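**Q** Our numbering puts the first residue of the sequence shown at 6, with every later residue one more than the last. Glycine included, every Cβ here is placed at the ideal spot set by N, Cα and C. Please read all numbers here as calculations on a predicted model, not as lab measurements. The following block contains the structure, expressed as structure tokens.
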Amino acid sequence: MKRYIPNTITCCNLLCGAAAIYFSLGGDFATAFWLIIAAAIFDFLDGFAARMLKAYSAMGVQLDSLADMVSFGVAPAMAVFATIDHPQLRFCALLLAAFAALRLAKFNIDTRQSEEFRGLPTPAMSLFFFSYVTQEVVPHSTLLSLGLVALFCALMVCDLRMFSFKFKTFDFEQNSLRYFFAIFSVIILAVAGYAAPALIIMGYITISFVMLFLKKS
């Protein structure tokens with residue numbers, strides 16, 4: 006029975022992503038935002054459950070990628086698509102789905118990504134764009150939206166080393182960056198509302214570039 010638990014959680018991720026697409030196309034970005042938050046939580050929990058229950062399976066690996074493609078590939082693409090008024094340029098938003106597929110395929114075969122990421126993870130991209138389309142502080146201009154699409158497509162498939170959020174131990178010395186980022190995230194969540202995920206993801210990207218610069222220098 007326990008072997009079905011991780012896959013059931015993964016299916017919950019997929020269902021949240023599918024529902025987020027529906028609400029995004031209807032213009033209800035607030036509901037879609039919370040559905041993607043739920044999808045991200047389920048995405049974390051399925052791996053956690055598989056490790057705790059020792060319920061790994063080849064099917065689970067494939068199902069996880071398919072669910073991620075819906076929630077963190079197609080869903081953000083459709084959300085951005087729905088906010089762009091230009092009848093032709095809005096289709097550029099669908100590039101997010103294509104590059105998310107490339108990112109997920111790369112992750113599945115790249116053995117270097119067991120302890121760190123190479124390129125921006127798709128959940129981070131999805132959370133950024135659902136935060137972006139939900140908040141009203143920054144106008145959703147076509148130029149800005151297309152610029153962000155291009156930037157995040159590049160970030161997903163680049164070889165930039167980005168730290169993973171997985172704790173193998175709770176030792177502070179080994180996880181100091183993760184603890185710092187967790188505290189930073191909590192503070193942003195407390196004060197920034199719907200804009201918080203976008204700010205947190207930008208912080209994550211900035212830290213990764215700073216770490217790259219420090220290692221090169």
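1) Going straight from the alpha carbon of residue 19 to that of residue 148, what length do you get?
2) For residue 108, count neighbouring Cβ atoms within 10 angstroms of its own Cβ and tell me buried if that reaches 16, exposed if not.
3) Find out if the Cβ-Cβ distance for the pair residue 125, residue 160 is shorter than 7 Å.
4) Between the C-alpha atoms of residue 50 and residue 10, what's the straight-line distance to the nearest angstrom?
5) Tell me which residues share the same chain as residue 208 and place their Cβ nearer than 7 Å to its Cβ, disregarding the 5 neighbours each side in the sequence.
6) Would you please state the rounded distance, in angstroms, between the beta carbons of residue 186 and residue 212? I believe it to be under 8 Å.
7) Since residue 92 and residue 131 should fall inside the 8 Å C-beta cutoff, what is the C-beta to C-beta distance between them, to a whole number of angstroms?
8) Among residues of its own chain, excluding the 5 on either side of residue 35, which ones have a beta-carbon nearer than 8 Å to its beta-carbon?
9) Where does the unbroken beta strand (DSSP E) through residue 167 begin, and where does it stop?
10) Buried or exposed: which applies to residue 25, given that a residue is buried once 16 or more other Cβ atoms fall within 10 Å of its Cβ?
11) Residue 121 bridges to which residues according to DSSP?
12) Exposed or buried, what is residue 156 when buried is set at 16 or more other beta-carbons lying within 10 Å of its beta-carbon?
13) Looking only at its chain, what residues have a beta carbon closer than 6 Å to the beta carbon of residue 43, apart from the 5 residues adjacent to it on each side?
14) Between residue 70 and residue 113, which are expected to be in contact by the criterion C-beta below 8 Å, what is the C-beta distance as a whole number of angstroms?
15) Do you know how far the Cα of residue 30 is from the Cα of residue 145?
16) What do you get for residue 194, buried or exposed, if any count of 16 or more other CB atoms within 10 angstroms of its CB means buried?
17) Leaving aside the five residues before and after residue 182 along the sequence, list all residues of the same chain whose C-beta is less than 7 Å from its C-beta, in chain order.
**A** Looking at the coordinates:
1) If you number the sequence shown from 1, residue 19 lands on position 14. If you number the sequence shown from 1, residue 148 lands on position 143. Roughly 30 Å between the two C-alpha positions.
2) As a working note, residue 108 is residue 103 in the sequence shown. Buried.
3) In the sequence shown, the residue the question calls residue 125 occupies position 120. In the sequence shown, the residue the question calls residue 160 occupies position 155. Yes, Cβ-Cβ distance for residue 125 and residue 160 is below 7 Å.
4) Position 45 of the sequence shown, counting from 1, holds the residue named residue 50. Position 5 of the sequence shown, counting from 1, holds the residue named residue 10. One C-alpha to the other measures close to 10 Å.
5) Taking the sequence shown and counting its residues from 1, one reaches residue 208 at position 203. Only 189 meet the Cβ criterion.
6) Along the sequence shown, read from residue 1 onward, the residue named residue 186 stands at position 181. Along the sequence shown, read from residue 1 onward, the residue named residue 212 stands at position 207. With a Cβ gap of about 7 Å, residue 186 and residue 212 count as contacting.
7) One-based indexing of the sequence shown puts residue 92 at position 87. One-based indexing of the sequence shown puts residue 131 at position 126. Between residue 131 and residue 92 the Cβ distance is about 25 Å, and since that is not below 8 Å, they are no contact.
8) Residue numbering aside, residue 35 sits at position 30 when the sequence shown is read from its first letter. Excluding residues within five positions, the ones whose Cβ falls inside 8 Å are 139 and 199.
9) Your numbering for residue 167 matches position 162 in the sequence shown. It spans 166-168 - the beta strand (DSSP E) in which residue 167 sits, taken as one unbroken run.
10) Start at 1 with the first residue of the sequence shown, and residue 25 comes out as number 20. Buried, since its Cβ has 16 or more Cβ neighbours within 10 Å.
11) Stepping through the sequence shown from its first residue, residue 121 is reached at position 116. BP columns for residue 121 point to 168.
12) Locating residue 156 in the sequence shown gives position 151, where the first residue counts as 1. Classification of residue 156: exposed, given that the 10 Å Cβ count is below 16.
13) Sequence index remark: in the sequence shown, residue 43 carries index 38 (1-based). Same-chain partners within the cutoff: 21.
14) Sequence index remark: in the sequence shown, residue 70 carries index 65 (1-based). Sequence index remark: in the sequence shown, residue 113 carries index 108 (1-based). Indeed they touch by this definition, with Cβ atoms about 6 Å apart.
15) Along the sequence shown, read from residue 1 onward, the residue named residue 145 stands at position 140. Along the sequence shown, read from residue 1 onward, the residue named residue 30 stands at position 25. C-alpha separation (whole angstroms): 16 Å.
16) For this step, residue 194 is matched to residue 189 along the sequence shown. Result: exposed.
17) What you label residue 182 is simply residue 177 of the sequence shown in a count that begins at 1. The residues are 168.
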